[in-house]
Each structure stands twice: as structure tokens, then as C-alpha cells.
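Novice: Once you know that position 73 of the sequence shown is 85 in the numbering used here, the rest is easy, because the numbers rise by one and skip nothing. A virtual CB, placed ideally from N, CA and C, is assigned to each residue, including glycine.
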Amino acid sequence: MIEKSDVKIIEDEQTLTFEEAVAEARRCLQCRHKPCVDGCVAHMNIPEMIRLFLEGDGEGARSVAVSGDCFPQICGRVCYQEIQCELKCVRNATKQPVKIGKIERFIGDTYTLPESAIKPPFLGRVAVIGSGPAGLAVTHDLLKANVNVDVFEKKDYFGGVLRYGIPQFRLPNQIVLDQIRNLETAGATFLKDQNLSKT
13 MIEKSDVKII EDEQTLTFEE AVAEARRCLQ CRHKPCVDGC VAHMNIPEMI
63 RLFLEGDGEG ARSVAVSGDC FPQICGRVCY QEIQCELKCV RNATKQPVKI
113 GKIERFIGDT YTLPESAIKP PFLGRVAVIG SGPAGLAVTH DLLKANVNVD
163 VFEKKDYFGG VLRYGIPQFR LPNQIVLDQI RNLETAGATF LKDQNLSKT
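1. Of the choices 86, 84, 85 and 109, whose alpha-carbon is the least far from that of residue 95?
2. Measure the beta-carbon distance from residue 33 to residue 118 and round it to whole angstroms, keeping in mind my assumption that it falls under 8 Å.
3. Exposed or buried, what is residue 120 when buried is set at 16 or more other beta-carbons lying within 10 Å of its beta-carbon?
4. Would you report the Cα separation of residue 201 and residue 175, rounded to the nearest angstrom?
5. Hey, out of 116, 97 and 170, whose CA is closest to residue 185's CA?
6. Cutting at 6 Å between CB atoms, please list the residues of its own chain near residue 83, excluding the five before and the five after it.
7. Any idea what DSSP makes of residue 149, helix, strand or coil?
8. Just curious, the alpha helix (DSSP H) that residue 121 is in, first and last residue?
9. Drop a sphere of 10 angstroms on the beta-carbon of residue 127, count the other beta-carbons inside from all chains shown, and report buried for 16 or more, exposed for fewer.
10. What is the rounded straight-line gap between the Cα of residue 196 and the Cα of residue 162?
11. Is the beta carbon of residue 40 closer than 9 Å to that of residue 62?
12. Taking residue 197 as part of the beta strand (DSSP E), name the residues at either end of that continuous run.
13. If you measure between the beta carbons of residue 214 and residue 113, is that distance less than 9 Å?
14. Using the C-alpha atoms, what's the distance from residue 91 back to residue 173?
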């Protein structure tokens, strides 16, 4: 009998190597009118993220990515860049677009924000109900505003649709758990098995 622990999940695509990420980033034309930003639902300043990365400022590039979607490790894997930012890339006219999602994924996987990026003193306390994408995003934003956050999750695991709605070959659970751990490090408290409708 095969045990669950014997099964290894393999992602459908691998993160770019540093050399591949640099080569792909160099394809960006740094357009003045930034059509890729118009195609991004989060309006992330993609050319700025790429520019900082190419200048060797990986942490700065991640900060730009985080200002747009707050979880570049996740969005770099599951966002449909090919029908959004990459579709608007001017390189589509003659060649393949810049692989923005792969660059964002590389930056998210490679660079971490300094611990001082989100720090107390806390100005208040807020309860967030649910630990899905919206709950995690609002937790991130509240922590940035120095608000203490308690996240209440009904299920016995955190991540919501990121865990049960996206297959692991596309978004490994460990990526989601890493983001939750980062939020905990920044001061959030996560409580599972909290069925608040019973109270």
C-alpha cells in the first residue's frame, strides 16, 4: 500500500536559474508607457521590478513585487500572466513576450524581505476570518500598517483555496505555508479549527 508520505509532488514548471532569469529580464524594453502594468490586475510596476533585479537589487525587486501582489512566490506560479501582463508586452508584436511570471517567481523564491520590513509597535488589533488568498493579503497589509492580526480559520489547515483548490504540482503547499510562516514572523497569529458561526 502506498502511504501518503511516499508520494512526491513535482511542480509542473521549475523556477528559472539565476542565469535564465537575467537573460529573460534583459529582454524587457523598459517601455515608457508600460503596457504590462496596464495588463496586471494588481498594477505592479513590472519594469521597475525587472530594472532593480538587473541592477543587482533583488530585495528591492521583491519589494516592488510585494507592493503589487504581496505574495510573488504564489502569484508567480498561479496568476494567468499569459492573458494579462504578458499579453500586453510589446514584444508580442514580433516575438515571445517577456516571461514576467517566471521572473516574478524567481524573485519571490530567491529573495526575502528583511525582517525589519514589517515590524511592531502595533497600533491596534484586528480579527481576520479565513486564511485564503484574501485573508492572507489583508493580513499582510494590516501588518504593514502596524496593526496586530489574529487570523481565524474554520478548517484544520491554513491557506483556503490556495491549498484545496490549486493542485500541488502547480502550487506546492509548502510555498503557501512559507508565506503563512512569514506572516507569523511579522506578528500575525493563526488559529485553526475556529468555527465562529457556533459562537
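Specialist: So, from the listed chains and residues:
1. Ranked by Cα distance from residue 95, the options 86, 84, 85 and 109 are led by 109.
2. At roughly 4 Å, the Cβ-Cβ gap stays under 8 Å, so residue 33 and residue 118 are in contact.
3. Residue 120 counts as buried, since no fewer than 16 other beta carbons sit within 10 angstroms of its beta carbon.
4. Within the model, the alpha-carbon separation for residue 201 versus residue 175 is close to 19 Å.
5. Ranking 116, 97 and 170 by Cα distance to residue 185 puts 170 first.
6. Closer than 6 Å at Cβ, skipping near neighbours: 191.
7. For residue 149, the secondary structure class from DSSP, reduced to helix, strand or coil, is helix.
8. Run containing residue 121: 112–122, per the alpha helix (DSSP H) assignment.
9. Model confidence at residue 127 stands at a pLDDT of 49, short of 50, so the residue's coordinates are unreliable; what they give is reported in the following sentence. Its Cβ having fewer than 16 others within 10 Å, residue 127 is exposed.
10. If you take the alpha carbons of residue 196 and residue 162, they lie about 10 Å apart.
11. With a cutoff of 9 Å on beta-carbon distance, residue 62 and residue 40 are scored as near each other.
12. No beta strand (DSSP E) contains residue 197, which is instead part of the alpha helix (DSSP H) from 185–197.
13. Here the chain comprises residues numbered 13 to 211, so residue 214 is not present and cannot be evaluated.
14. One alpha carbon belongs to residue 173, the other to residue 91, and they sit about 14 Å apart.
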